[in-house]
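Please read the structure below before turning to the comments.
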C-alpha cells in the first residue's frame, strides 16, 4: 500500500464524490486522480526519478494537493516549504536536500529568483499565476504523454518536512509512505470514518498536521475537503456553516481568534463533530469557551512533526479536562528520566514515543537522528506524567520548565490561570534569571481590544488559581506576543527580553 494508492482506491470506490472544494471550484475523486497522474507523468518527463526531491511552495491550494500526490505516483520525495520562510530559509532547505525541481506560486517563487545562482542543484522551476523569467508555466507539467510511472513501495521516502527551526537551522524530518499510512490508520481508528465526511483544511498543508490528519487520512477515508488558502476566523466560521463541515481544527492562537469572532454566534455550526486542537497546549479556559460557542469539545492532540503520539478521545466519551489524553493507535509511550529509566505513575518524565508512524530521521543529519531515535523511540523533549488510568498530563517542554528555588513550574499552568481573566487575550510565561532563586516567574500579556487590567490585578487573579510559588512576580504588557512560523507563542523570544534580577 502507498499513499497514492489511497487516492486511487477512493477514485474507484467514490469516483463522482467531491474530493476537493476551493473557492468556487470542485474536483471529484476521479477528476483529481486523473490530474495527479498527468502531473506525475510530467515530472517523469522532466527526468524526475524515484527518490528525487521536488520542492513545493504554495499556500493551501488544489495545485499543492495535486503536486503531493503526483510526487507520490512518480516515486519522488515532496519537500513542502513553509510559506512564511524568508528567502534564505527556503534556499537553505532546497540546497540541503538537493531539490531537483521547484513547483510553486509565482508570487512566492519571485523572491527566490533574486538568488537563483545560490540554488545550486535546482534544474527547473514551474510557477502558477503568471510567467516569471527563468521559470516555466505550471501547465507545462500537466502532460497527456504515455510515460511509464515507476513502481513505488511503501518503504520509500515520501516527504521531507522542514521544521521551523526556532533554536537552530531547520531540520528535514523524513517520512515514508509507510510511516504516514500508519499515522492515517491511527487517526481513522480513534476518530472513525464518519468524522471525515466533510473536512475543513485551514491549517497550512506544508505542516504535518494538515497534511497527515486532514489531507492524507481524509483521502483514504473518502472524505470531501474544503480548502482555505490561509486561516482567517470569519472564513472558517462561514465555511463550517456553508459546507456543513464535520471535522476542522486549529492551533491555540486560531482557537482564540475563533471564539472571539463576532460571526461565530450567528451561524449554524451544528454539523461540526470533531475539532482538533494542537501545536501547543490549549488553555482550559479557551477549551471551555470553544465548547460554549461551537458546541463541541476541543479534541486535543499532542505530538510533533516526527510523530503525533497522543489524543484526547472525545468520541469515546472519556475526557479528562486538562489531560492530553492517551496514546492512540499503535503508539506506545514511555516516560523516561535523563538516564532512560521509566518513571512510575505520577512522576514527570520525557515522552518517548514508539510507533510505526515515527520519522525515519533527519535528512543528512545523522548526529541529530541518533540523538532523537536512540533506543528505537522518538525522544520528544516534551515532559508529562501519567495518572493511574493511563491519561497523560503535559508538564511542558524540558527547555521551557522554570526552576524557582528548586521547584519546577510549567509555564502552561501559569498561562492557563491568566487566560481565565476576561481581559487577557494572549499570555506567555518564562523564567527570569535570578541570583537568589535561580529563576523568577515573569508573564507577558496582550489584552483584548478595549480591555483594561493592571499587573497587580492579574497577579492577584493568578494567586487565586495556582500555588504561591507559581504566581508571576512581574507582568509586562505587549500589543501582541511574538509567534513562530506555526503560530506558537515564542517563549524563547520572550526569554531573550529578560535580564538577571
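Numbering (the numbering used here), first residue to last: 489 to 989.
Where is the CB? At the ideal position from N, CA and C, for every residue including glycine.
Does the segment 811–824 come close enough to the segment 782–801 that 3 or more CB-CB pairs lie under 8 Å?
-> yes
Could you check if residue 671 is buried or exposed, using at least 16 other CB atoms within 10 Å of its CB as the buried criterion?
-> buried
On the DSSP bridge assignment, give the partners of residue 896 in chain order.
-> 891
Residues near residue 985 by beta carbon distance below 6 Å, same chain, minus five either side = none
Alpha carbon to alpha carbon, what distance is there between residue 636 and residue 594?
-> 29 Å
Check the DSSP bridge columns for residue 932 and list the partner residues they point to.
-> 916 and 964
Are residue 505 and residue 710 closer than 8 Å when you measure CB to CB?
-> yes
Determine the direct distance from the alpha carbon of residue 621 to that of residue 753, and round the result to whole angstroms.
-> 48 Å
For the segment 773–791 against the segment 917–925, are there 3 or more C-beta pairs whose distance is under 8 Å?
-> no
Pick from 907, 886 and 885 that is closest to residue 776, judged by C-alpha positions | 907
Other residues of its chain near residue 768: CB distance less than 6 Å, five sequence neighbours each side excluded | 740 and 976
Which residues in the same chain have their Cβ closer than 7 Å to the Cβ of residue 519, if we skip the five residues on either side of it in sequence?
-> none
For residue 502, which residues from the same chain have a beta carbon less than 6 Å from its beta carbon, with the 5 sequence-adjacent residues on both sides left out?
-> 517 and 710
Euclidean distance between Cα positions of residue 839 and residue 868 | 6 Å
What's the call for residue 887, buried or exposed, on a 16-neighbour Cβ count within 10 Å?
-> exposed
Status (buried if at least 16 other CB within 10 Å, exposed otherwise) for residue 537 | exposed
Starting from the C-beta of residue 804, find all residues in its chain whose C-beta is less than 6 Å away, skip the five residues before and the five after it, and write them out in chain order.
-> At residue 804 the pLDDT is 47, less than 50, meaning the model places this residue with poor confidence and gives no usable figure here.
Beta-carbon contacts of residue 526 that lie in its chain and below 7 Å, excluding the five residues immediately before and after = 630, 631 and 632
Compare the beta carbon distance of residue 561 and residue 524 with 8 Å and say whether it is the shorter of the two.
-> yes
Reduced DSSP secondary structure (H/G/I, E/B, other) of residue 654 | Its pLDDT being 49, under 50, residue 654 is placed unreliably in this model, and the value from its coordinates should be taken loosely. Coil at residue 654, not helix or strand.
Would you list the residues sitting across from residue 945 in a DSSP beta bridge?
-> In the DSSP output, where bridge partners are listed per residue, residue 945 has none listed.
Where do the ends of the alpha helix (DSSP H) carrying residue 957 lie?
-> Looking at the DSSP string, residue 957 is not in any alpha helix (DSSP H), and its letter there is neither H nor E.
Considering only C-alpha positions, which residue in the set 763, 844, 858 and 509 is nearest to residue 717?
-> 509
Leaving out the 5 sequence neighbours to the left and right, which residues in its chain are closer than 6 Å to residue 655 when beta-carbon positions are compared?
-> Residue placement at residue 655 is poorly supported in this model, since its pLDDT is 49, which falls under 50; the coordinates still yield a value, given next. So no residue of the chain qualifies.
Beta-bridge partners of residue 909, as assigned by DSSP = The partner list for residue 909 (beta bridge, DSSP) is empty, contrary to what the question assumes.
If you follow the alpha helix (DSSP H) that residue 524 is part of, which residue opens it and which one closes it?
-> 517–533
Supposed close pair residue 724, residue 736 - CB separation, criterion 8 Å = 7 Å
Pull up the CB-CB distance for residue 585 and residue 660, whole angstroms please, since I reckon it's below 8 Å.
-> 6 Å
Given a cut-off of 8 Å, decide if residue 570 and residue 694 are closer than it, judged by their beta-carbon atoms.
-> yes
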